[in-house]
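Everything on this sheet refers to the single structure shown next.
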Amino acid sequence: MQQYILRRLLMMPLLLLGVVTVAFFLSHVTKGDPLSSVVSERQMNNKVVVEAARKRWGLDRSLPDQYRIYLGNLVTGDLGTSFRTKRGVGEDIADRLPATLELVVAAMIVGTGCGIGLGVLAAHKRNEAADHGARFFALIGSSIPVFWSGLILLYLFSVQLGWLPGAGRLDARTAAPPFVTGMFTVDALIAGDLQTFLQALGHLILPAFVLGWAVMGIISRLVRASMLDVLNQDYVLTARAKGAAELRVLLHHALRNALIPTLTIIGYSFAYLITGAVLTEAIFSWPGIGSYAVESARALDYPAIVGVTIIGALAFLLANLVTDVAYALANPKIKLG
Amino acid sequence: MGGGIVKKTRRMALTGSVFAVALAAGGWLAQTGGIIASAEAAGSDTLVIARDMDLDSLDPARAFCDTCQIYISSVYQRLVDLAPDNKTIVPALATKWEINADQTQFTFHLDPKATFSDGSPVEAKDVKWSWLRLKHMKSGPSFMMDGVTAIETPDAHTVVVKLDAPNSEFLGVLTAPYTGVTNSDVAMQHGANDSDKADSTDTAESWFLQNSAGGGPFVLESYRPNDELRLKRNDNYWGKKAAVGEIVIKQTKDAVSQAQMLESGAADIAMQIDPDTAKNISSGDVVIKTVPSFNFVYVAVSPGAKNLPVKLTPKVREAIGYAIDYEGTINLTLGGDGNLQPAPIPNGFPGTDNLPMPVHDVAKAEALLKEAGVADGFTLDAYFPNINVYGVDLSTMMQKVQQDLSKVKIKLNLNPVTFSVWREHINGDGIPVTAVFYAPDYYGSGQYVQYFAMMKGTAWSKRAGAANDPSVLNPKEGDLLAKALAASGDKRDGYFHEIALEIIKDRVIIPVVSPQLVLAYRKNVEGVRYSACCNLPTAELSLK
């Protein structure tokens, strides 16, 4: 297995080079003037200002030249400077990615935890009220658009009931905890600041639930289907005949095997959420990588677009690898090679 | 039977446990909410502003945007300031100044008490360095130093500026935040320079994103793009210190979110509440004031755009102007909370008194089109940025314009696009009809003439296609501008009035609405006002 993992890791730079090349040229052929975020609308007809900006941002060079310089910088770990934020793209991503990771990890905990629980419950209570209830709840999660559920829940729990804080990662008056991981809940705990931790956690609940709900629906349906298959297998009947407690039969004997096909979805969901959390981030003013990608695309911020694409590609490649490895670990019959 | 009882008991136990967990979670949530609420109440020295930030830099010589005006005027001081009447120029770093007879030489005397935030004195060399850097950066606000031929510093507290031509508005230009003075010694240590190659050799922008080097009432505390900008009080400020200890500008994209933050107390001021959203704010803790602004939204017609189906002659352009229902558009887009504006110079600026208001007259528009020989109608493409600006949704506004023009048989094909695509169109073949907006940098009409007039070299003469159709140019406007800049007082205003009438006659720029500005803030906030140069003067804000 170690060899397999090493081989996959060694393949990654090649795959990333392909992704970078496609992203670089695609973003440059997109219609629009990239100077829109560098030169203000009023000065866009000022030749001196426009030429100075083109020169400063390397847009006066030919496309192959720009590509060559970009690759050269990339090798040294330099992702370029964002046209919009005027900071290094690496710095921007380092700032934004932890916010998304914090949200996605929380969403995955909510989504997989509740999804598996609901799936097991639905399979166990097949065609009973609990099954219908769990499926209905799951169906809502996977059917309602995130922007709608986000707005409704925000309005209900924050504006009307006042149980949960509104948008953002922290209250505006609270300063972010000292940077360690960039995840406010973790950093607040490291700093021993319980109040900031609780506040960060409070801010995390709604967006994590909204994002996790969509995944919850898919996972619960998959777990239910797999559990129904497994529950009819001989070894489950044998376990029951031997007098094993129902909970043990469900969780120890049935769920372990039923989870194998679900692992693929969990792996993909993680990568998908990292790149696809944009709507949730927009609704909850969550300054993550998704909103960064959208802002960059709108402004034709080439360095940022390519930088985010690299991160997205990396997330998918790593998620694939982790899923494959987890698959093999969960089922020893599966051989990686 | 016994099994049934066990099952029921288990079910009850399970239900009870779930209920207990739900209650505990509810209690915890309420407690968390309590912690948040008390944090808001306790943070009485921090003032939160909800705003959709358009910051493009924090470098005073490169930044150029509405939020930049707030930031730079908070952190860097100018030689002169604009009084609350938005007209009178008052001393700031300069205690007094002299202007020569032909308005080509300005001598400023700096206040010897003035210091930067690090305690070092503000000297003439810093003023010279800051302005030369601004000029040589070739960036958005560099035009403020256009015409400056020399800056002399006879002593540490005297600055003499020489211009290549008379400019009665130069003092007004200096109220713009972008002319703020930077601590040159500190900035140079971090890669800044004022050489004529500064546009390619100055490397201080990234440093300015996390640090400030000014002498204003606040200093930069921290900045996270698209998240928040934190300013803290400059405790070394040489003048009257700011009343609030910290200002946080929190990125909040839309008006509804800003209103929610304001009502919940998460924000103290919301800066981009549109009139419609303002009407839905019911909290008794929120003060809503509507004031006229100097911002405006306009439609532009480009006679020189390529591939036009008919020639957009002055008569056709005049017909388009008459066909637009201005009042109806203001009602539709802003619920009536906007003002008519005759020329692309804001109401209340020099020369705008008694200008003829735009008139909606379909019969006159039809007659003009008939005279122009295009009474049967034609089709025009309209590309415009798909944005909501100052409460006006440009798509909604253009749909109304489309409806109005259809009544005189002009079909408008609407193409809402991103800003970058719009720029490519307008810089390429030109756009027959578009819609954009403008906000002032300082109190003065010259900036508008130099941008909108059909004089050679102005932004809009180029966009209107003067290169393809030189008949668009109006030579009178250049002569009148030179006279206005050489005059002062009523005489200057008279020339600007004449220019405004000429620009109206050009019929290239058609102002549609000057949106009123909604000042929305919590009732414990004092000192909220709109400034023509600086948007929101933060130094005047306080919390009761």
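Chains as they are written, first to last, in the working numbering: chain B, 1 to 337; chain Z, 1 to 544.
We put the beta carbon where it would ideally sit given N, CA and C, even for glycine.
Item, Value
"Coarse secondary structure for residue 178(Z), derived from DSSP in three states", "helix"
"Integer-rounded CB distance, given that residue 283(B) should sit under 8 Å from residue 147(B)", "6 Å"
"Limits of the beta strand (DSSP E) - the one that residue 153(Z) falls within", "148-155"
"The stretch 211-235 of chain Z: positions lying closer than 9 Å to chain B by Cβ", "221, 222, 224, 225, 226, 227, 228, 230"
"Cβ shell of residue 488(Z) (< 8 Å), same chain only, five flanking positions each side left out", "103, 168"
"Closer than 7 Å at the beta carbon, the chain Z residues around residue 45(B)", "459, 462, 463"
"Below-7 Å beta-carbon distance, residue 477(Z) vs any chain B residue", "no"
"Test: residue 207(B) CB closer than 7 Å to a CB of chain Z", "no"
"Chain-order list of residues whose beta-carbon lies under 6 Å from that of residue 209(B) (same chain, five-residue window excluded)", "110"
"is_contact[residue 300(B), chain Z] using C-beta, thresh 7 Å", "yes"
"Inter-residue spacing [alpha-carbon to alpha-carbon] between residue 323(B) and residue 540(Z)", "58 Å"
"Distance CB(residue 469(Z))-CB(residue 314(Z)) smaller than 7 Å", "no"
"Short CB-CB distance (under 7 Å) between residue 205(Z) and chain B", "yes"
"Segments assigned beta strand (DSSP E), at least 3 residues, entirely inside the stretch 449-534 of chain Z", "509-515, 517-522"
"Cβ of residue 64(Z) within 7 Å of any chain B Cβ", "yes"
"Where the stretch 393-427 of chain Z meets chain B: residues whose CB sits under 7 Å from a CB there", "418, 419, 420, 421, 423, 424, 427"
"Any C-beta of chain Z under 7 Å from that of residue 126(B)", "no"
"Range covered by the alpha helix (DSSP H) that runs through residue 3(B)", "2-29"
"Straight-line gap, residue 115(Z) to residue 56(B) (C-alpha atoms, nearest Å)", "33 Å"
"Residue 86(Z) to residue 168(B) span [Cα, whole Å]", "35 Å"
"Within 7 Å, strictly: CB atoms of residue 414(Z) and residue 382(Z)", "yes"
"Whole-angstrom C-beta distance between residue 57(Z) and residue 136(Z), which should lie under 8 Å", "With a Cβ gap of about 16 Å, residue 136(Z) and residue 57(Z) do not count as contacting."
"Exposed unless 16 or more other CB atoms sit within 10 angstroms - verdict on residue 319(B)", "buried"
"Stretch pair the stretch 135-150 of chain Z + the stretch 60-71 of chain Z: three plus CB contacts closer than 8 Å", "yes"
"Residue 87(Z) at chain B interface by Cβ criterion, 7 Å", "no"
"Beta-carbon gap between residue 89(Z) and residue 171(Z) smaller than 7 Å", "yes"
"Sheet register partners of residue 109(Z) (DSSP bridge)", "96(Z), 158(Z)"
"Proximal chain B residues relative to residue 547(Z), where beta-carbon distance stays under 8 Å", "Limits of chain Z in this structure are 1 at one end and 544 at the other, which puts residue 547(Z) out of reach."
"Beta-carbon spacing of residue 440(Z), residue 532(Z) below 7 Å", "yes"
"Nearest residue (CA-CA) to residue 247(B), options 262(B), 231(B), 302(B), 261(B)", "231(B)"
"Inter-stretch contact (C-beta, 8 Å, three-pair minimum) for the stretch 118-126 of chain B and the stretch 208-228 of chain B", "yes"
"Residues bridged to residue 383(Z) (per DSSP)", "415(Z)"
"Three-state secondary structure assigned by DSSP to residue 209(Z)", "coil"
"Three CB pairs or more closer than 8 Å across the stretch 60-70 of chain B and the stretch 283-301 of chain B", "no"
"Nearest-angstrom Cβ-Cβ length linking residue 217(Z) and residue 241(Z), presumed shorter than 8 Å", "7 Å"
"Where residue 23(B) meets chain Z, residues with beta-carbon distance less than 8 Å", "Per Cβ cutoff of 8 Å: no residues; residue 23(B) is ~17 Å from chain Z at best."
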